[in-house]
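Chains A and B supply the protein sequences, listed in that same order. Going from the first sequence to this note's numbering is simple: count from 1 and add 20. Going from the second sequence to this note's numbering is simple: count from 1 and add 20. Built from N, CA and C at the ideal position, the CB exists for glycine as well. Here is the structure we will look at, set down as structure tokens.
There are 2 protein chains.
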Amino acid sequence: MSATRQQRLGEYMAEKGFSAVAVNAGPSLTYLTGLHFHLMERPVVIVFTLADDPTIILPKLEQAKLDHLPFPARVYAYGESPAEWSNTFHDALERLNLSGREVGVEPRQLRLLEYDYLRLACGNAKFNDGSEIFAALRSIKDTEEIASMRKAVAIAEAALEATLPMVKIGVAEKDIASELFLQLIRHGSDTTLPFSPIVSGGPNGANPHAQPSARQLVAGDLLVIDWGANSGGYMSDITRTFAVGKIDAEAEKIHKIVQQANAAGRAAGRPGLSCGAVDKTTRKVIEEAGYGQFFTHRTGHGIGMECHEEPYMRGDNKQILEAGMTYTVEPGIYLAGRNGVRIEDDVLMTADGAESLSTMSREIRVVG
Amino acid sequence: MSATRQQRLGEYMAEKGFSAVAVNAGPSLTYLTGLHFHLMERPVVIVFTLADDPTIILPKLEQAKLDHLPFPARVYAYGESPAEWSNTFHDALERLNLSGREVGVEPRQLRLLEYDYLRLACGNAKFNDGSEIFAALRSIKDTEEIASMRKAVAIAEAALEATLPMVKIGVAEKDIASELFLQLIRHGSDTTLPFSPIVSGGPNGANPHAQPSARQLVAGDLLVIDWGANSGGYMSDITRTFAVGKIDAEAEKIHKIVQQANAAGRAAGRPGLSCGAVDKTTRKVIEEAGYGQFFTHRTGHGIGMECHEEPYMRGDNKQILEAGMTYTVEPGIYLAGRNGVRIEDDVLMTADGAESLSTMSREIRVVG
């Protein structure tokens with residue numbers, strides 16, 4: 021698998037004029053090699069070129085991870101003293117003759133730590149933004165990746181169902197969040213969640229990125245729960261909004277509007293359409309209902325090995341949807357000081373349209 | 021608290037000749053401001069200068085986090101389209117006149133993403149490694165930080181005790197790791213652990229960074245468990261090695277040697293001594309017992325808001341220990357194909373010596 025992916029990388033590199041691509045510890049490195057490294061004080065970098073086997077620079081302490089490497093590579097391992105790391109990078113990269121050449125990097129992942137070692141070891145190489153290549157590689161999911169994403173969705177949905185019985189008037193947001201976290205792990209999520217669950221009731225729901233607080237649920241709250249699981253390194257990210265006891269007419273109204281926007285957004289996607297069009301279709305429902313100014317964020321983001329990745333469902337994004345892409349549709353209405361609603365699904369682009377991987381009911385559900 | 025810390029930052033900046041310091045989402049930003057942001061595709065940067073209030077650049081979506089900011093700041097918030105982010109950075113930084121000045125950054129935390137926005141917005145500023153400043157600020161822990169670290173240790177020790185009853189012959193490493201994870205959360209750890217617990221039995225223990233596998237414990241295994249908790253953003257990191265049933269004479273011998281090295285290392289630290297001396301004292305015990313070549317890593321690392329931070333207990337590190345520093349002492353012996361031992365404690369430098377925050381018995385304990 022890594023061989024095929026590296027071959028596709030080579031094709032993109034040739035197309036974009038990159039002589040090399042350098043990745044550090046993170047999802048793109050894992051995608052291309054099957055290896056897992058943490059971002060630590062000891063840099064791990066792999067350099068891919070068009071002509072040669074990949075060059076791997078890593079701490080000796082991590083070298084055992086290469087024992088069953090399924091592709092040929094040149095390995096340069098360094099010891100515990102940072103004083104020698106620069107030499108190791110130099111030894112590793114000298115023979116690639118990258119001076120004057122274009123080297124693609126990933127600005128969202130590469131730190132100055134690795135960049136400085138690379139820069140010093142590569143002479144006058146030109147380091148350029150290679151994000152497009154990584155996005156092109158990773159945004160089209162293969163069968164196995166889609167299976168992992170379905171599993172991440174199933175774990176998340178089952179974990180929420182197992183949590184809902186304790187969601188009652190008088191229970192604190194953060195206690196619900198803790199229980200949901202445990203249920204995610206118990207239902208099989210990897211322990212590195214895509215993000216800590218958001219549980220925000222009443223006025224707290226008006227902040228899309230609220231942290232679960234000590235506030236206890238009261239009757240009349242709208243309750244936003246935004247959560248996800250990690251299955252084999254692939255993420256899910258779902259939101260549902262609940263009614264705590266009896267809610268008022270406006271709360272019911274905005275939930276209905278967001279539900280319609282979510283349905284329109286899920287249905288909108290098809291190969292050949294722009295990401296911007298998905299945002300516009302979704303947003304239009306909320307705008308026409310008179311709440312446009314209260315939908316304060318983009319409609320969604322790509323999802324896969326990272327919870328947020330390309331493609332972004334943003335009005336100004338002209339990127340074209342292709343089969344195999346996966347992204348969220350998550351319209352919301354946020355009324356400061358009162359309450360908020362968001363309904364989020366994970367959508368897969370298929371050859372002829374869009375399939376929502378998440379299927380839990382989006383109707384308002386009364387808890388408490 | 022953030023005011024005092026920012027004042028100390030200013031003193032270090034003046035001393036080192038930095039006109040400004042720029043931090044992105046991460047522990048140093050949290051240390052200096054009390055704010056929490058995730059590393060995401062939307063950059064968050066705070067620039068501290070000597071003459072002016074801090075400048076905060078962040079997404080509008082996160083702006084609510086500044087509602088109760090306990091210090092004055094100039095805030096520049098950007099919208100959802102990356103096309104406008106560059107302008108926001110420019111507006112924010114123009115008035116600081118940093119062209120030609122030195123700006124300190126943290127290469128281990130700053131990504132090219134933030135660096136490129138900063139570079140473009142700051143004219144000809146010189147971005148230099150400010151790691152020393154962040155290390156100087158964060159490596160001396162105050163009373164509150166030490167209390168959090170004690171709590172992180174107590175949570176970790178209690179979680180392991182609660183896990184040990186299920187550690188038996190025939191149980192898989194990864195099942196022990198899952199249970200330990202749940203116990204950490206149940207005992208009060210924040211859900212973002214310092215790292216996923218390492219549980220490695222028999223030959224797997226010979227890899228210091230092994231991932232818990234499906235391998236089941238067998239009689240005669242040495243079992244290495246390396247785990248930690250997070251309490252209020254402060255980490256613990258402890259290792260104990262257990263005997264699964266009856267172990268052979270060499271396993272007993274290497275455990276005893278590592279236990280002696282750990283005791284020597286814990287006792288070695290005192291203010292005024294170099295970090296290198298702690299490594300040497302620890303390593304000498306293992307070398308004199310004839311196993312020097314099998315202790316393949318440094319003796320330890322600083323610990324606090326990050327699991328690995330300054331100061332590093334490495335033979336060539338001349339950095340001087342000061343009261344308030346916290347670091348690990350974790351000697352090990354790794355016999356490839358056979359087994360491994362590591363015993364790790366978290367040590368606090370006090371005015372007159374070293375106190376181990378972790379206190380769980382280091383004697384070999386038989387499980388299974």
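8 Å Cβ cutoff, residue i in contact with chain B
| i | result |
| --- | --- |
| E82 of chain A | yes |
| R358 of chain A | no |
| D366 of chain A | no |
| Y98 of chain A | no |
| H328 of chain A | yes |
| F201 of chain A | yes |
| L130 of chain A | yes |
| I245 of chain A | no |
| I205 of chain A | yes |
| D336 of chain A | yes |
| S119 of chain A | no |
| A179 of chain A | no |
| T211 of chain A | yes |
| V65 of chain A | no |
| V125 of chain A | yes |
Cβ neighbour criterion (16 or more within 10 Å) applied to residue i
| i | result |
| --- | --- |
| E134 of chain A | buried |
| H328 of chain B | buried |
| N107 of chain A | exposed |
| P217 of chain A | buried |
| M21 of chain A | exposed |
| A40 of chain B | buried |
| T75 of chain A | buried |
| E100 of chain B | buried |
| L118 of chain A | buried |
| T212 of chain A | exposed |
| A356 of chain B | exposed |
| D365 of chain B | buried |
| P90 of chain A | exposed |
Range of the contiguous alpha helix (DSSP H) that encloses residue i
| i | result |
| --- | --- |
| M333 of chain B | It is not in any alpha helix (DSSP H) - M333 of chain B instead sits in the beta strand (DSSP E) that spans E329 to M333. |
| Y96 of chain B | No alpha helix (DSSP H) contains Y96 of chain B, which is instead part of the beta strand (DSSP E) from R94 to Y98. |
| K171 of chain A | T163 to T183 |
| H110 of chain A | W105 to E114 |
| E136 of chain B | Just to set this straight, residue 136 of chain B is Asp in the shown sequence, not Glu. It spans L132 to A141 - the alpha helix (DSSP H) in which D136 of chain B sits, taken as one unbroken run. |
| F215 of chain A | No alpha helix (DSSP H) holds F215 of chain A; DSSP gives it neither H nor E. |
| I196 of chain A | E193 to R206 |
| G468 of chain A | No answer is possible for residue 468 of chain A: it lies beyond the span of chain A, which begins at 21 and ends at 388. |
Residue from the options whose Cα sits closest to the Cα of residue i
| i | options | result |
| --- | --- | --- |
| I363 of chain A | A:G352, A:M369 and A:G357 | A:G352 |
| N227 of chain B | B:D246, B:D210 and B:A239 | B:D246 |
| R286 of chain A | A:D195, A:S376 and A:A141 | A:S376 |
| A249 of chain B | B:M325, B:N117, B:E270 and B:E82 | B:M325 |
| M33 of chain B | B:Y51, B:R115, B:L157 and B:R94 | B:L157 |
| G190 of chain A | A:G222, A:G344, A:V361 and A:F91 | A:G222 |
| A271 of chain A | A:N44, A:L59, A:K146 and A:V386 | A:V386 |
| N44 of chain A | A:L78, A:D73, A:Q27 and A:E35 | A:L78 |
| E308 of chain A | A:L293, A:A288 and A:A281 | A:A281 |
| M255 of chain A | A:N359, A:V367 and A:L184 | A:V367 |
| E330 of chain A | A:Q83, A:S159 and A:D87 | A:S159 |
Within-8 Å CB hit, residue i to chain A
| i | result |
| --- | --- |
| M60 of chain B | yes |
| H317 of chain B | yes |
| N227 of chain B | yes |
| Y254 of chain B | no |
| I175 of chain B | no |
| R235 of chain B | no |
| D136 of chain B | yes |
Nearest-angstrom beta carbon gap, residue j and residue i [assumed within contact, 8 Å]
| i | j | result |
| --- | --- | --- |
| N148 of chain A | G124 of chain A | 6 Å |
| A234 of chain A | A192 of chain A | 5 Å |
| L29 of chain A | I153 of chain A | 7 Å |
| K266 of chain B | G240 of chain B | 7 Å |
| V298 of chain A | T319 of chain A | 6 Å |
| K85 of chain A | L55 of chain A | 6 Å |
| S251 of chain A | I175 of chain A | 6 Å |
| R131 of chain B | R62 of chain A | 17 Å between Cβ atoms; not a contact. |
Element boundaries [beta strand (DSSP E), containing residue i]
| i | result |
| --- | --- |
| E152 of chain B | Taken as a continuous stretch (DSSP letters only), E152 of chain B belongs to no beta strand (DSSP E), being part of the alpha helix (DSSP H) at S151 to S159. |
| I77 of chain B | T75 to P79 |
| G360 of chain B | N359 to R362 |
| V67 of chain A | V65 to T69 |
heavy atom of the ligand SAH below 7 Å from residue i C-beta
| i | result |
| --- | --- |
| Y98 of chain B | Absence of the ligand SAH from the depicted structure is noted, as is the absence of any ligand whatsoever, leaving it without description. |
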